[in-house]
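In this note's numbering, the protein residues as written are 1 to 402.
In what follows, a structure is listed as structure tokens, so that the remarks can point back to it.
This is the structure we're talking about:
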């Protein structure tokens with residue numbers, strides 16, 4: 001695999017760290033600014049909304065320049081946002097910094113996925129995408145726990161300062177290692193928008209929302225579930241999340257490897273198994289060992305869907321994949337927000353802390369149903385010998401991989 005993927009993975013590591021580390025530092029931030037925990041929670045919500053709206057916005061703005069230069073600009077925006085967060089004298093400016101940093105998130109992964117796929121042969125594209133996303137998954141194993149520890153020991157501002165420094169390393173890596181990749185000739189915003197008419201692209205995005213939503217329905221409420229149901233001590237939640245992160249790393253790599261061989265079967269297996277494991281989580285949550293194993297499995301099965309879904313979007317939006325790829329990253333965050341809301345509803349209804357697992361199981365099962373539907377429509381299109389609606393035929397550039 002090209003060294004350029006290392007630069008993309010470093011950027012992904014920084015982005016993944018800043019996205020999730022705030023969850024472990026909310027009490028410190030709330031105390032520092034004199035706000036309540038729910039108010040401090042806007043730092044999480046604001047980031048997610050920034051990703052959703054920033055992904056298409058930044059991608060559209062980037063249609064006029066080369067992908068390498070856009071990746072560099074996005075990392076620069078990420079650095080500015082985290083520096084603003086680290087130095088913010090007020091909560092409002094801290095929130096602004098979070099939103100600024102989030103604007104780089106979706107477009108970086110969206111454009112980065114296209115770049116990663118173009119760096120390798122067609123039969124290795126999902127593997128290349130998964131290597132870039134490894135930075136995000138490793139962030140949950142290393143970056144988030146260490147960032148939380150540093151923030152609790154030396155102050156949360158130090159954590160965001162370190163994350164900004166990671167962004168500088170990622171920017172320099174992109175500048176040094178990613179080859180010049182000029183904007184494809186003949187591709188305009190209307191080509192990118194036309195790709196969204198493709199039913200297969202929309203179905204892949206819907207699978208992303210539902211499938212990954214299934215994961216976060218359970219993980220969002222993992223702390224009260226493990227402490228109140230499984231009987232873990234409060235301090236055990238950190239290493240349980242490390243298990244979740246290790247599962248993410250493994251699932252992401254396996255998903256990338258097998259998606260290049262059999263994409264749809266990989267989706268069937270991962271989504272089907274995810275639905276079953278989430279349903280069983282309502283039972284295994286009552287036993288410490290079983291709960292710990294289940295958490296790792298949820299992480300593995302959830303992230304095993306990421307490379308195949310991202311590759312499917314790229315495949316069906318060929319010729320103008322950038323906006324669709326970035327929007328699919330926004331779909332992950334939409335799934336996170338939707339599932340967290342639904343999980344909160346069932347808990348508020350008095351169904352208990354394990355009830356979100358049922359929500360997740362239903363969402364994953366719905367994603368599996370869409371996968372079956374998508375494959376059926378694809379077979380019908382092939383049998384009819386007609387291209388899918390919304391297919392964009394703009395020519396992809398040939399990119400040197402040296």
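We put the beta carbon where it would ideally sit given N, CA and C, even for glycine.
The structure presented is a predicted model; accordingly, all values stated were derived computationally and were not measured.
- Message: With the cut-off set at 8 Å, would you say residue 71 and residue 141 are in Cβ contact?
- Response: Sequence index remark: in the chain shown, residue 71 carries index 71 (1-based). Sequence index remark: in the chain shown, residue 141 carries index 141 (1-based). In this structure, residue 71 keeps its C-beta atom at 8 Å or more from the C-beta atom of residue 141.
- Give me the Cβ distance between residue 285 and residue 229, rounded to the nearest whole Å; I'm assuming they're in contact under 8 Å. Start at 1 with the first residue of the chain shown, and residue 285 comes out as number 285. Start at 1 with the first residue of the chain shown, and residue 229 comes out as number 229. Contact flag correct, Cβ pair sits at about 5 Å.
- Could you round the C-beta distance between residue 384 and residue 110 to whole angstroms and report it? I think they count as a contact, below 8 Å. Locating residue 384 in the chain shown gives position 384, counting from the first residue. Locating residue 110 in the chain shown gives position 110, counting from the first residue. 31 Å between Cβ atoms; not a contact.
- Message: Helix, strand or coil, according to DSSP, for residue 155 in the structure here?
- Response: For the purposes of this step, residue 155 is taken as residue 155 along the chain shown, with counting starting at 1. Residue 155 falls in the coil class under three-state DSSP.
- Cα separation between residue 165 and residue 44? Within the chain shown, numbered from 1, the residue matching residue 165 stands at position 165. Within the chain shown, numbered from 1, the residue matching residue 44 stands at position 44. Taking the straight line from one Cα to the other gives about 21 Å.
- Query: Would you say residue 11 and residue 75 are within 8 Å of each other, going by their C-beta atoms?
  - Reply: Here residue 11 refers to the residue found at position 11 when the chain shown is read from its first residue. Here residue 75 refers to the residue found at position 75 when the chain shown is read from its first residue. Taking 8 Å as the Cβ cut-off, residue 11 and residue 75 qualify as a contacting pair.
- Do three or more CB pairs link the stretch 340-360 to the stretch 258-269 at distances below 8 Å? No, because fewer than three Cβ pairs between the stretch 340-360 and the stretch 258-269 fall closer than 8 Å, the two stretches do not touch.
- Query: Any idea what DSSP makes of residue 234, helix, strand or coil?
  - Reply: Translated into positions along the chain shown, residue 234 becomes position 234. Residue 234 falls in the helix class under three-state DSSP.
- Can you give the beta carbon distance from residue 101 to residue 81, rounded, assuming they're within the 8 Å contact cut? Counting from 1 along the chain shown, the entry for residue 101 is found at position 101. Counting from 1 along the chain shown, the entry for residue 81 is found at position 81. The pair is a contact, with the Cβ atoms about 3 Å apart (cut-off 8 Å).
- Query: CB residue 160 to CB residue 336, shorter than 8 Å?
  - Reply: Taking the chain shown and counting its residues from 1, one reaches residue 160 at position 160. Taking the chain shown and counting its residues from 1, one reaches residue 336 at position 336. Not closer than 8 Å, so no.
- Task: Can you say whether residue 391 is buried or exposed, counting buried as having 16 or more other CB atoms within 10 angstroms of its CB?
- Result: Numbered from 1 along the chain shown, position 391 holds the residue referred to as residue 391. In this predicted model, residue 391 has a pLDDT of only 47, less than 50, meaning its place in the structure is not dependable; the value taken from the coordinates is given anyway. When all chains shown are included, residue 391 counts as buried.
- Straight-line CA distance for residue 2 to residue 124? As a working mapping, residue 2 is identified with position 2 in the chain shown. As a working mapping, residue 124 is identified with position 124 in the chain shown. So the alpha carbons of these two residues sit roughly 12 Å apart.
- How long is the line joining the alpha carbons of residue 263 and residue 99, rounded to whole angstroms? Residue 263 sits at position 263 when you count from the first residue of the chain shown. Residue 99 sits at position 99 when you count from the first residue of the chain shown. Roughly 34 Å separates the two Cα atoms.
- Item | Buried or exposed (CB count within 10 angstroms, at least 16 for buried), residue 307 | Position 307 of the chain shown, counted from the start, is the residue given in the question as residue 307. That one is buried.
- Query: Between the C-alpha atoms of residue 42 and residue 29, what's the straight-line distance to the nearest angstrom?
  - Reply: For the purposes of this step, residue 42 is taken as the residue at position 42 of the chain shown. For the purposes of this step, residue 29 is taken as the residue at position 29 of the chain shown. In a straight line, the C-alpha of residue 42 is about 12 Å away from that of residue 29.
- Quick one: what does DSSP say residue 265 is sitting in, helix, strand or coil? Numbered from 1 along the chain shown, position 265 holds the residue referred to as residue 265. The answer is helix: DSSP assigns residue 265 an H, G or I state.
- Using three-state DSSP, classify residue 140 as helix, strand or coil. The count along the chain shown starts at 1 and reaches residue 140 at position 140. In the structure shown, residue 140 sits in a helix (DSSP, three-state: H, G or I).
- Message: Relative to the C-alpha of residue 220, which candidate in 137, 251, 292, 20 has its C-alpha closest?
- Response: Here residue 220 is taken as the residue at index 220 of the chain shown, counted from 1. Residue 220 has its Cα closest to that of 20, out of 137, 251, 292, 20.
- Message: What residue range does the alpha helix (DSSP H) around residue 315 cover?
- Response: Within the chain shown, the letter at position 315 stands for residue 315. Its alpha helix (DSSP H) spans residues 306-316.
- Message: Which residue marks the beginning of the alpha helix (DSSP H) containing residue 180, and which one marks its end?
- Response: Position 180 of the chain shown, counted from the start, is the residue given in the question as residue 180. First-last for residue 180: undefined, no H or E at that position.
- Task: Would you give the residue range spanned by the alpha helix (DSSP H) that residue 207 belongs to?
- Result: Here residue 207 is taken as the residue at index 207 of the chain shown, counted from 1. 199-219 is the extent of the alpha helix (DSSP H) around residue 207.
- Task: Compute the distance between the beta-carbons of residue 222 and residue 289, then report whether it is under 8 Å.
- Result: One-based indexing of the chain shown puts residue 222 at position 222. One-based indexing of the chain shown puts residue 289 at position 289. Result no, Cβ atoms of residue 222 and residue 289 do not sit closer than 8 Å.
- For residue 330 and residue 323, the rounded distance between their alpha carbons: Taking the first residue of the chain shown as position 1, residue 323 is located at position 323. Taking the first residue of the chain shown as position 1, residue 330 is located at position 330. Roughly 11 Å between the two C-alpha positions.
- DSSP three-state call for residue 325: helix, strand or coil? Numbered from 1 along the chain shown, position 325 holds the residue referred to as residue 325. In this structure, residue 325 counts as helix in the three-state DSSP scheme.
- Query: According to the Cβ coordinates, are residue 167 and residue 79 closer than 8 Å?
  - Reply: To locate residue 167, count along the chain shown from 1; it is residue 167. To locate residue 79, count along the chain shown from 1; it is residue 79. Contact: yes.
- Which class does residue 383 belong to by DSSP, given the choice of helix, strand or coil? As a working mapping, residue 383 is identified with position 383 in the chain shown. The answer is helix: DSSP assigns residue 383 an H, G or I state.
- Query: Skipping 5 residues on each side, what residues in its chain have a beta carbon closer than 6 Å to that of residue 94?
  - Reply: Here residue 94 corresponds to residue number 94 of the chain shown, with the count starting at 1. For residue 94, same chain residues with a beta-carbon under 6 Å away, outside a window of 5 residues either side, are 85, 88 in chain order.
- How would you call residue 27, buried or exposed, if buried means at least 16 neighbouring beta carbons within 10 angstroms? Residue 27 sits at position 27 when you count from the first residue of the chain shown. Classification of residue 27: exposed, given that the 10 Å Cβ count is below 16.
- Message: For residue 212, tell me which candidate among 120, 176, 300 has the shortest Cα-Cα distance.
- Response: Here residue 212 is taken as the residue at index 212 of the chain shown, counted from 1. If we check each option's Cα against that of residue 212, 300 comes out closest.
- Message: Below 8 Å, how does it come out for the stretch 355-366 and the stretch 272-279: are there three or more Cβ pairs, yes or no?
- Response: yes
- Query: Is the Cβ-Cβ distance between residue 200 and residue 105 less than 8 Å?
  - Reply: Locating residue 200 in the chain shown gives position 200, counting from the first residue. Locating residue 105 in the chain shown gives position 105, counting from the first residue. Result no, Cβ atoms of residue 200 and residue 105 do not sit closer than 8 Å.
- At which residues does the alpha helix (DSSP H) containing residue 403 begin and terminate? Absent from the model: residue 403. The displayed extent of the chain is 1 to 402, so no value can be given.
- Message: According to DSSP, simplified to helix, strand and coil, what is residue 356?
- Response: As a working mapping, residue 356 is identified with position 356 in the chain shown. Looking at residue 356 - three-state DSSP - the assignment turns out to be helix.
- Locate the alpha helix (DSSP H) running through residue 124, then write down its first and last residues. Indexing the chain shown from 1 puts residue 124 at position 124. That residue, residue 124, is in no alpha helix (DSSP H); it is neither H nor E in DSSP.
- Rank 122, 374, 156, 34 by C-alpha distance to the C-alpha of residue 206 and give the top, closest one. Here residue 206 refers to the residue found at position 206 of the chain shown. It is 374 whose Cα lies nearest to the Cα of residue 206.
- Task: State the Cα-Cα distance for the pair residue 47 and residue 377, rounded to the nearest angstrom.
- Result: Taking the chain shown and counting its residues from 1, the one referred to as residue 47 is at position 47. Taking the chain shown and counting its residues from 1, the one referred to as residue 377 is at position 377. One C-alpha to the other measures close to 36 Å.
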